Amino acid sequence: MPFEYEGFGFYLVISVAWFFLHSRAEIPADQLPQAARPESFLLKPTVMITILARNSEHSLPSFLGCIDRLDYPKDRIAIWAASDHSVDNSTAMLQEWLRGVQHLYHSVEWRPVERPSSHVDEEGPKHWPNSRFTHVMKLKQAALRAAKRLWTDYILFVDSDNLLTNRRVVADMIAENLTIVAPMLESKSLYSNFWCGLTSQGYYRRTPEYIPIREWKRQGCFAVPMVHSTYLLDLRRKASQALAFYPPHPEYPYDLDDIMVFAFSARKAGVQMYVCNRNHYGYLPVPLRQDQTLEEEEESFSHTLTEALIDYTMEPSQYLHTRPKEARKMGFDEIFLVNLKRRSDRRERMLSSLAVLGINATLVEAVDGKALTSSRLQAMGIDMLPGYKDPYSDRVLTRGEIGCFLSHFNIWKQVVQRELQQVLVLEDDVRFEPRFYSRMAAIMSDVQRAELEWDLIYVGRKRLQVKEPENWVKGFSNLVHPGYSYWTLGYGLSLTGAKKLLRAKPLNKMLPVDEFLPVMFNKHPRDEYMRYFEERNLKAFSAEPLLLFPTRYTGEQGYYSDTETSTIWDDEGTETDWDRGRAQHSHGARSEGAGPGVSGRKD
Numbered sequence: 001m002p003f004e005y006e007g008f009g010f011y012l013v014i015s016v017a018w019f020f021l022h023s024r025a026e027i028p029a030d031q032l033p034q035a036a037r038p039e040s041f042l043l044k045p046t047v048m049i050t051i052l053a054r055n056s057e058h059s060l061p062s063f064l065g066c067i068d069r070l071d072y073p074k075d076r077i078a079i080w081a082a083s084d085h086s087v088d089n090s091t092a093m094l095q096e097w098l099r100g101v102q103h104l105y106h107s108v109e110w111r112p113v114e115r116p117s118s119h120v121d122e123e124g125p126k127h128w129p130n131s132r133f134t135h136v137m138k139l140k141q142a143a144l145r146a147a148k149r150l151w152t153d154y155i156l157f158v159d160s161d162n163l164l165t166n167r168r169v170v171a172d173m174i175a176e177n178l179t180i181v182a183p184m185l186e187s188k189s190l191y192s193n194f195w196c197g198l199t200s201q202g203y204y205r206r207t208p209e210y211i212p213i214r215e216w217k218r219q220g221c222f223a224v225p226m227v228h229s230t231y232l233l234d235l236r237r238k239a240s241q242a243l244a245f246y247p248p249h250p251e252y253p254y255d256l257d258d259i260m261v262f263a264f265s266a267r268k269a270g271v272q273m274y275v276c277n278r279n280h281y282g283y284l285p286v287p288l289r290q291d292q293t294l295e296e297e298e299e300s301f302s303h304t305l306t307e308a309l310i311d312y313t314m315e316p317s318q319y320l321h322t323r324p325k326e327a328r329k330m331g332f333d334e335i336f337l338v339n340l341k342r343r344s345d346r347r348e349r350m351l352s353s354l355a356v357l358g359i360n361a362t363l364v365e366a367v368d369g370k371a372l373t374s375s376r377l378q379a380m381g382i383d384m385l386p387g388y389k390d391p392y393s394d395r396v397l398t399r400g401e402i403g404c405f406l407s408h409f410n411i412w413k414q415v416v417q418r419e420l421q422q423v424l425v426l427e428d429d430v431r432f433e434p435r436f437y438s439r440m441a442a443i444m445s446d447v448q449r450a451e452l453e454w455d456l457i458y459v460g461r462k463r464l465q466v467k468e469p470e471n472w473v474k475g476f477s478n479l480v481h482p483g484y485s486y487w488t489l490g491y492g493l494s495l496t497g498a499k500k501l502l503r504a505k506p507l508n509k510m511l512p513v514d515e516f517l518p519v520m521f522n523k524h525p526r527d528e529y530m531r532y533f534e535e536r537n538l539k540a541f542s543a544e545p546l547l548l549f550p551t552r553y554t555g556e557q558g559y560y561s562d563t564e565t566s567t568i569w570d571d572e573g574t575e576t577d578w579d580r581g582r583a584q585h586s587h588g589a590r591s592e593g594a595g596p597g598v599s600g601r602k603d
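First residue of the sequence shown: 1, per full-length UniProt numbering; consecutive thereafter.
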């Protein structure tokens, strides 16, 4: 009986389970309990970008290219654009761009002002009389009213020559959750788009806080009395309703200036301005004097663009049709750009920079030290100068240094073979100083005018004998007699100079090329090197101030040397990575032209 009872119990359990399973399957699906569905994501806040352009034909293609590339949903962006008394093609360019992008953005508003092409009381296109300040303030106020009318959450003011290279700049500034916040922009100088102090007249005052922020020694968001050029305004904040560009606040006590008027309005509204430098956000040009020309403004912006090209690809807007700048040679027969075939990154950056500057250069494939074997060196008759040791690391030549020398040597041969009277040689890791084109052309014009006999003119180098001042060339304000120097970043070379360098037959007593040149103009500190070269009468000069510097120095992020990171002369398998920046030089100290902490030769 117990066994039969247990069997019945087992049968009952199975039957109940079967019932529940099958009866559940018969319940209609819409009557079953439903899991909670997740909420959809929030849309991004809306932003209106304000673009004011006056005589900005030179900057609009790159500026608008940056706007195109912003990493923010375009259907959440409204564009408010105005042209202002332009004498160039700014209006037509803005119209073309707006037609090309209007389908991408939430809305587009266009406010052209063409006639007259100047303000009544202005003395030139860079002059700012009160009438011009008033007009700009009215335009910005109109943009602010338009943003409020559209119920946009934010308005971004950005000058038409500011380059927003960081694509996340809008999202990053919104994330800071501040009423007025500016991404810190950089320039060649210490100039930026914020002030840390004000004078009693409301103008810029230098303070100890400024440089640590500007040089990223302090990073974050900082309360400042002034931001300008590019900044984001949060219109959701109640205090933003009291902000105005025009008319000025009734208590405004200073000279008329749009940025000063707005900063005063913010203070009266109890709104703090902030600048943020958590990342690198972009570039802006240094302001020009009021007596300077549009041509000088274009050259200044070109330099800003070459600075941006060091770290970013700066394609112009795809919605604009622009013609490339006419490329010229600054009075040289040829301009040679030396580049390793495998360094396409440097090649593309330099070609882009030269195009921006309007320089016509011929690409020369450098000799790759990595491809030089001992047997090949012997076949070419190459031997190292007896007793040569690197002054920093006490090593012999590297294959990279041999390749570098041969690259320059091949150019010297080409100069002689083609009987080129004067050439400019550029390496592919240089950064150009402001107004490079006009200053280089002026030097060559002065040389021709004075009928100066010359063989070599340094354009970029590292001065090593800085304790003794270099003498000015008589009759020149831009040339000096150089002392012992490093680097071959860029130099002018005459036909007579090339012949002298080749006559020295340097391949069977090779030094690094930047050690060889001072030997040839008799300024090398090591007599034991110079005695191998009898004819040391190269007529050498140097631009002063220098017009080229390295893109990066030893120890900086992104620094890489193709000459110092290579196999050494007598060892096919040993790699070198000499950090000359940490070594002690026996012949000279770092020049004021070199970057912080750099005391060694760069490739």
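We treat Cβ as the ideally placed atom computed from N, Cα and C, and that holds for glycine. This structure is a prediction, so every number in the text was calculated from the model and none was measured.
Where residue i and residue j are concerned, what is the direct C-alpha to C-alpha distance, given to the nearest angstrom?
{"i": "LYS268", "j": "ALA308", "result": "37 Å"}
{"i": "PRO482", "j": "ARG111", "result": "55 Å"}
{"i": "GLY400", "j": "HIS280", "result": "33 Å"}
{"i": "LEU351", "j": "TYR105", "result": "33 Å"}
{"i": "VAL447", "j": "LEU363", "result": "26 Å"}
{"i": "VAL261", "j": "ASP291", "result": "24 Å"}
{"i": "ARG37", "j": "ASN55", "result": "55 Å"}
{"i": "residue 627", "j": "ARG526", "result": "Here the chain has residues from 1 to 603 only, and residue 627 is not among them."}
{"i": "GLN378", "j": "ILE359", "result": "38 Å"}
{"i": "PRO394", "j": "ASN162", "result": "Checking the sequence shown, residue 394 turns out to be Asp, not Pro. Going by the C-alpha atoms only, they are around 47 Å apart."}
{"i": "ARG140", "j": "PHE245", "result": "The question names Arg, but residue 140 is Lys in the sequence shown. Distance between the alpha carbons of LYS140 and PHE245: 7 Å."}
{"i": "GLU572", "j": "THR373", "result": "For GLU572, the predicted model reports a pLDDT of 47, less than 50, meaning its position is unreliable; a value from the coordinates is still stated below. So the alpha carbons of these two residues sit roughly 7 Å apart."}
{"i": "LEU495", "j": "GLU419", "result": "7 Å"}
{"i": "LYS148", "j": "ALA81", "result": "16 Å"}
{"i": "LEU98", "j": "PHE336", "result": "40 Å"}
{"i": "SER240", "j": "MET226", "result": "16 Å"}
{"i": "PHE301", "j": "ASN193", "result": "16 Å"}
{"i": "LEU64", "j": "SER317", "result": "6 Å"}
{"i": "ARG167", "j": "TYR553", "result": "26 Å"}
Per DSSP, residue i forms a beta bridge with which residues?
{"i": "LEU305", "result": "Paired residue(s): none; LEU305 is not in a bridge."}
{"i": "VAL519", "result": "Answer is none; VAL519 lacks a bridge partner."}
{"i": "CYS66", "result": "DSSP, once it has assigned bridges, lists no residue as partnering CYS66."}
{"i": "ILE457", "result": "GLY492, PHE541"}
{"i": "ALA78", "result": "MET48, SER107"}
{"i": "SER83", "result": "ALA53, PRO112"}
{"i": "LEU363", "result": "LEU337"}
Can you tell me which of the options puts its alpha carbon nearest to the alpha carbon of residue i?
{"i": "PRO391", "options": "THR322, LEU464, ARG167, LEU406", "result": "LEU464"}
{"i": "LEU538", "options": "TRP454, ASN166, ALA92, LYS462", "result": "TRP454"}
{"i": "PRO518", "options": "LYS148, PRO38, SER192, LEU501", "result": "LEU501"}
{"i": "ARG237", "options": "GLY475, ASP153, ARG218, TYR312", "result": "ASP153"}
{"i": "SER229", "options": "ALA182, PHE516, TYR204, ILE211", "result": "ALA182"}
{"i": "ASP257", "options": "PHE157, ASP234, TRP128, THR165", "result": "TRP128"}
{"i": "GLU534", "options": "ARG552, PHE541, ARG503", "result": "ARG503"}
{"i": "ASP311", "options": "PHE476, MET184, LEU354, THR165", "result": "THR165"}
{"i": "SER485", "options": "ALA540, GLN318, TYR252", "result": "ALA540"}
{"i": "ASN89", "options": "SER192, TYR437, GLU57, GLY387", "result": "GLU57"}
{"i": "VAL473", "options": "TYR252, MET137, GLU451, ARG69", "result": "GLU451"}
{"i": "CYS404", "options": "VAL416, VAL415, ASP429, GLN417", "result": "ASP429"}
{"i": "VAL286", "options": "ALA366, GLN272, THR304", "result": "THR304"}
Could you check if residue i is buried or exposed, using at least 16 other CB atoms within 10 Å of its CB as the buried criterion?
{"i": "SER375", "result": "exposed"}
{"i": "MET380", "result": "exposed"}
{"i": "ASN522", "result": "exposed"}
{"i": "ARG431", "result": "buried"}
{"i": "LEU42", "result": "exposed"}
{"i": "TRP195", "result": "buried"}
{"i": "GLU334", "result": "buried"}
{"i": "ASP543", "result": "Here residue 543 turns out to be Ala, not Asp, going by the sequence shown. By the 10 Å Cβ count, ALA543 comes out buried."}
{"i": "THR91", "result": "buried"}
{"i": "PRO386", "result": "exposed"}
{"i": "GLU295", "result": "exposed"}
{"i": "THR551", "result": "buried"}
{"i": "GLN422", "result": "buried"}
{"i": "VAL598", "result": "With a pLDDT of only 27 at VAL598, under the threshold of 50, the placement of this residue in the model should not be trusted; the figure read from the coordinates follows. Buried, since its Cβ has 16 or more Cβ neighbours within 10 Å."}
Using a Cβ-Cβ distance under 8 Å, would residue i count as near chain B?
{"i": "VAL356", "result": "Protein chains in the displayed structure number just one, and chain B is not present."}
At 3 residues or longer, what runs of the beta strand (DSSP E) sit wholly inside the stretch 173-213? 180-183
Please specify which runs of the beta strand (DSSP E), each continuous and at least 3 residues long, are wholly inside the stretch 467-531, giving them in chain order. 485-494
Quick check on the DSSP output: what are the complete beta strand (DSSP E) runs of length 3 or more inside the stretch 375-428, in order along the chain? 422-427
Completely contained alpha helix (DSSP H) runs for the stretch 222-302, where each covers 4 or more residues: 258-268
Give the list of continuous beta strand (DSSP E) stretches no shorter than 3 residues that lie fully inside the stretch 299-356. 334-339
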